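Report on the structure given below.
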Amino acid sequence: MTYDIAVKAELEHLAIISWPVEVEAVAAMLPDPLVPRTIAKGVTLVSMALMQDTMFGETFAQLNERTYVQLPDGTGKGAFFWRSEVSSAQALVVRSLVGAPEFASPIRMNVDGDDYVFRRDEKVIARLDLGRTGEVLERHGDLDLARAVRLSSRAPVGYTLNWGRLCATRVLRSRVHARRVAIRRIDPSFMRPAIAIEPSDYGAPLLALYVRRTPFWVDVPRPLSVGGGDRIFWPGLLPPGGPL
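Residue numbers (numbering that gives the first Met the number 0): 0 to 243.
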């Protein structure tokens with residue numbers, strides 16, 4: 000079985016900042032049939048992902064809001080994206096063509112040595128120290144950090160609501176070698192999934208990961224179709240051997 004790959008792209012300075020939240024709070028914000036993946040009993044992650052994206056010959060800043068999901072039978076592991084913001088008119092084109100929740104936004108990134116700064120509406124929403132390894136706060140000491148790293152850095156399928164319909168986009172890339180970095184400042188209050196984060200925890204994520212460069216190929220979004228109970232089929236999207 001084969002599937003078509005539509006676009007080659009490249010991410011630079013990818014940073015993924017993740018907060019532990021209650022599974023029930025995230026599950027209530029997900030479209031059927033997606034369910035959260037967990038890092039501990041009753042705990043999942045929501046993330047702010049920041050990057051510089053190059054696609055169709057243009058380079059621009061991008062921000063997305065996401066969590067980590069699977070289908071009820073345990074297949075289809077990936078990330079659900081509530082919203083993406085980009086500093087390019089490409090957002091309008093993408094939204095017009097496929098209905099993805101992508102919007103033009105006054106965001107920008109600056110990386111100067113180990114100083115990583117990301118702004119939205121001229122406000123600093125993230126400042127990272129790429130030269131230091133992030134520490135795990137005492138309040139997060141009982142969480143599975145290794146699993147949190149795996150979940151937030153490996154998302155072979157991206158789920159979005161395109162024109163109100165759940166779609167899957169397959170992403171092919173080599174293994175991501177992410178490293179933990181220190182957080183100097185962070186503000187997730189503008190994100191849709193921020194309602195799942197306790198306001199007192201806004202400045203206390205579980206971890207921040209950083210990847211200098213990530214080339215990848217991305218398929219076109221495909222609507223999910225249901226067949227036989229909860230089993231989900233992705234026409235033209237499945238790799239040889241069946242569901243992920």
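By construction, the Cβ of each residue, glycine as well, lies at the ideal position given by its N, Cα and C atoms. None of the values given here were measured: they were computed from a predicted structure.
Practice task
Buried or exposed for N161, please, with buried defined as at least 16 other CB atoms from any protein chain shown within 10 angstroms of its CB.
Solution key: What you label residue 161 is simply residue 162 of the sequence shown in a count that begins at 1. By the 10 Å Cβ count, N161 comes out buried.
Handout entry: Cβ neighbours of G77 in the same chain (closer than 7 angstroms, five flanking residues each side left out)
Key = Taking the first residue of the sequence shown as 1, we reach residue 77 at position 78. Correct list, in chain order: V68, A154, P155, V156, G157, Y158.
Handout entry: According to DSSP, residues forming a beta bridge with L62
Key = For the purposes of this step, residue 62 is taken as residue 63 along the sequence shown, with counting starting at 1. Looking at the DSSP assignment, L62 forms a beta bridge with L49, E84.
Handout entry: Own chain residues within Cβ distance below 6 angstroms of R126, not counting five before or after
Key = In the sequence shown, residue 126 corresponds to position 127, counting from 1. Cβ within range, chain order: V116, R183, R184.
Exercise for the section: Use the C-beta contact count for A60: other C-beta atoms within 10 angstroms, 16 or more gives buried, fewer gives exposed. Expected result: Position 61 of the sequence shown, counting from 1, holds the residue named residue 60. Flag for A60 reads buried.
Exercise for the section: Specify whether the stretch 77 to 87 and the stretch 139 to 146 touch according to this definition: at least 3 beta carbon pairs, one from each stretch, less than 8 angstroms apart. Expected result: A contact is defined here as three or more CB-CB pairs under 8 angstroms, and the stretch 77 to 87 fails this definition with respect to the stretch 139 to 146.
Exercise for the section: Pull up the DSSP beta-bridge partners for M108, would you. Expected result: Within the sequence shown, residue 108 is the residue found at index 109, counting from 1. Bridge partners of M108 according to DSSP: F117.
Exercise for the section: In angstroms with no decimal places, state the Cα-to-Cα distance between E137 and I38. Expected result: Within the sequence shown, numbered from 1, the residue matching residue 137 stands at position 138. Within the sequence shown, numbered from 1, the residue matching residue 38 stands at position 39. Between E137 and I38, the C-alpha separation is close to 16 angstroms.
Practice task
Please name the residue in V6, M28, T213, F79 whose C-alpha comes closest to that of G320.
Solution key: Nothing about residue 320 can be reported from this structure: the residues present for the chain run from 0 to 243 only.
Handout entry: Status (buried if at least 16 other CB within 10 Å, exposed otherwise) for L171
Key = Indexing the sequence shown from 1 puts residue 171 at position 172. By the 16-neighbour rule on beta-carbons within 10 angstroms, L171 is exposed.
Handout entry: 7 angstroms CB neighbourhood of D120 in its chain, flanking five on each side removed
Key = Stepping through the sequence shown from its first residue, residue 120 is reached at position 121. Once the five neighbours on either side are set aside, the close Cβ partners of D120 are P105.
Problem - Three-state secondary structure (DSSP) of P204 - result: As a working mapping, residue 204 is identified with position 205 in the sequence shown. In the structure shown, the three-state DSSP call for P204 is coil.
Practice task
Please classify S95: does DSSP put it in a helix, a strand, or coil?
Solution key: Residue 95 sits at position 96 when you count from the first residue of the sequence shown. Reduced to three states, the DSSP call for S95 is helix.
Problem - Assigned exposure category for S46 - 16 Cβ within 10 Å defines buried - result: If you number the sequence shown from 1, residue 46 lands on position 47. It is buried - the Cβ of S46 has at least 16 other Cβ atoms within 10 Å.
Handout entry: Residue interval of the alpha helix (DSSP H) (run including E23)
Key = Working through the sequence shown from its first residue, we reach residue 23 at position 24. Its alpha helix (DSSP H) spans residues 22 to 26.
Handout entry: Coil, strand or helix - H176 by DSSP
Key = Within the sequence shown, the letter at position 177 stands for residue 176. DSSP places H176 in coil when its eight states are reduced to three.
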